[in-house]
Every structure is written in C-alpha cells, then in structure tokens.
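Trainee:
In the working numbering, the protein residues as written are 18 to 277.
1. What is the DSSP secondary structure of residue 127, reduced to helix, strand or coil?
2. What span of residues does the beta strand (DSSP E) with residue 82 cover, start to end?
3. Restricting to Cα atoms, I'd like to know which of 215, 222, 224, 223 is closest to residue 95.
4. Which residue wins for smallest C-alpha separation from residue 177, given the options 208, 200, 149, 60?
5. Along the chain, which unbroken stretches of the beta strand (DSSP E) at least 3 residues long are found entirely within the segment 199–223?
6. Taking 6 Å as the limit between beta carbons, can you name the residues of its chain near residue 110, skipping five residues before and five after?
7. Quick check: the Cα distance between residue 281 and residue 138, rounded to an integer number of angstroms?
8. Would you mind giving the Cβ-Cβ distance between residue 192 and residue 171, rounded to the nearest angstrom? I have them listed as a contact below 8 Å.
9. With H, G and I counted as helix, E and B as strand and the rest as coil, what does DSSP make of residue 191?
10. Beta carbon of residue 199, beta carbon of residue 85: below 9 Å?
11. Classify residue 123: buried if its beta carbon has 16 or more other beta carbons within 10 angstroms, exposed otherwise.
12. Check the C-beta distance from residue 196 over to residue 217 and give it rounded, since I have them as a contact under 8 Å.
13. Compute the Euclidean distance between the alpha carbons of residue 180 and residue 65, then round it to the nearest angstrom.
14. Given this structure, state the Cα-to-Cα distance separating residue 220 from residue 106, to the nearest angstrom.
15. Taking DSSP as the reference, what is the three-state secondary structure of residue 137?
16. Assuming the contact rule is C-beta atoms closer than 8 Å, residue 189 and residue 148 should be a hit. Round their C-beta distance to whole Å, please.
17. Name the two residues that bound the continuous beta strand (DSSP E) containing residue 67.
18. In the DSSP output, what is residue 87 paired with across the bridge?
19. If you run the structure through DSSP and keep just helix, strand and coil, what is residue 107?
20. Check this for me: beta carbons of residue 284 and residue 70, under 9 Å apart or not?
21. Which residue's Cα is closest to the Cα of residue 158: 224, 57, 97, 202?
22. Below 8 Å on the Cβ atoms is my guess for residue 50 versus residue 151; work out the distance and round it to an integer in Å.
23. Less than 8 Å between C-beta atoms, sequence neighbours within five positions excluded: which residues of the same chain meet that for residue 205?
24. Give the straight-line distance between the Cα atoms of residue 156 and residue 182, rounded to the nearest whole angstrom.
25. Within the same chain, show all residues whose beta-carbon is closer than 6 Å to that of residue 119, passing over the 5 residues directly before and after it, in chain order.
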C-alpha cells in the first residue's frame, strides 16, 4: 500500500495534464446566448419602442435551456446630447407579453397578468435605468439553439420628448449581478460578450415631417417641369438676310418652339 500512493498520484498528475492539453487544443465547448437590438432611431420629441432580441449559437442537439432571466439596461447620452433627452418611459407597457415571438410566449409568469416585470429608476440621469425579468410557468425552460432562430426578449418603451434633433444615446445591457440568464436548475447560462455592446440610437425627425418635406420637394419639381413644358427656353440665332446690301446688316431672330 505504501508504494501504491505515489503511483496513484503520478497517474492523477498525468491524467490532469492530458485533460488540460485536450482542453487547450479542443477550444471552448460551451455555447452562449446572444443579445441584439431591433432599432437605432427614435422620433425626436416623441416616444418609441426598442426591441431586445435573444438567440443562441448552441448546436441543435444540445440547446441552451432558458428558464428565467433578468436584465439591467441603462441609457447614456453620447457627446453633447441632452443628458436626459432619451429616457425609459416611467410605465413600461411590456408589450412583448402575448406576442407570439416572445421567448416565453404561452409559458410566461408575466403573462398571468397583474404584476410588472420590472421597474424604471434613476442612476445618473432621470429614468436612465430599467431592471426586469421573467420566467416560465412550467419550469421546463425554452430550448434555444442555432436552429431555433431569434426571439423577442424585451420591448423597451423610450421617451425622447426632451431630445434635440440628431442627439445620440446608447442603450446597453449591463454586466452585473442584476443581469442573469438561468436554466431550470438555476445554473447560469453564458452570454456572448457582444451582448454587452452598446446600441446607439439617434433622435430623428417625425416621419410625417419628413413626408411633408418630400412632398414639397416633389411639388416644386413638378411645377418646374410644367413651366418648362408651357414656356420652353428660348434660343437665339444670327441670320444674314439675302436681301441685305451689306454683309454687315444682320437680323437677330429669336427662334421659339411652342406647344401647338
């Protein structure tokens, strides 16, 4: 027995070394959830919705099983933008609930009604923070993989009443203790690092204003075309009269083409 321990220890060291080498050459085996955004503009002086989307790069045979999640989102101005120009609306409609594209559609604790999924608060600027989450009723989770596609996670209600035209803002998922995605046994699922990249939004003119400007431009163009058709441009030509007694006698003739 005395000689067996060093042998077992040696075996363990060799096995550990093999596992480490295999891990290095095989690369990361775990999949990750991916968070993306469905828009990059909001009407200046108005309100809007920003969709937050979720997918997974897991293989179809070994999907990520999402059973509950919480997310911490924050808005920040870019450059000289008004500090509180874009905010989370104080009351979030949570309109993802009941949407067939929602990740927990038909199996959501929030769809039972009566309780909000989250709350809006102030960290740096007014109403710049939103923390919310949801879970399945069944507790069995939603399988997400590369073959399952992309699902709706949140529909964030934004308010740009105080924003100036052209102001830019970022909406970001914050990587802290308030952000977590878990499976049915409450183990954390990995998030792709790009999920924490900021989504930049720009305050743009109201669509109706843009349409009016376009119609005005079209009207000016049509008016000019009609004027050109009714009163075409005049051209001048020099004509030497055959009856002129001197080559220096010239008649200036205006040649005008007109509509019949």
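Glycine is no exception: its CB is placed at the ideal position from the N, C-alpha and C atoms. Remember, it's a predicted structure, so these values are computed and weren't measured experimentally.
Mentor: Concretely, from the data shown:
1. helix
2. 81–83
3. 215
4. 60
5. 216–221
6. 174
7. Nothing in the structure corresponds to residue 281, since the chain is present only between 18 and 277.
8. At roughly 16 Å, the Cβ-Cβ gap does not stay under 8 Å, so residue 192 and residue 171 are not in contact.
9. coil
10. yes
11. exposed
12. Not really, about 20 Å apart at Cβ, beyond 8 Å.
13. 13 Å
14. 16 Å
15. strand
16. Actually they do not touch by this definition, with Cβ atoms about 13 Å apart.
17. 64–73
18. 150, 197
19. coil
20. The structure shown does not extend to residue 284, since the chain spans only 18 to 277, so no value can be given for it.
21. 202
22. Going by Cβ atoms, the distance from residue 50 to residue 151 rounds to 15 Å, so no, they are not a contact pair.
23. 197, 198, 199
24. 46 Å
25. 113, 169
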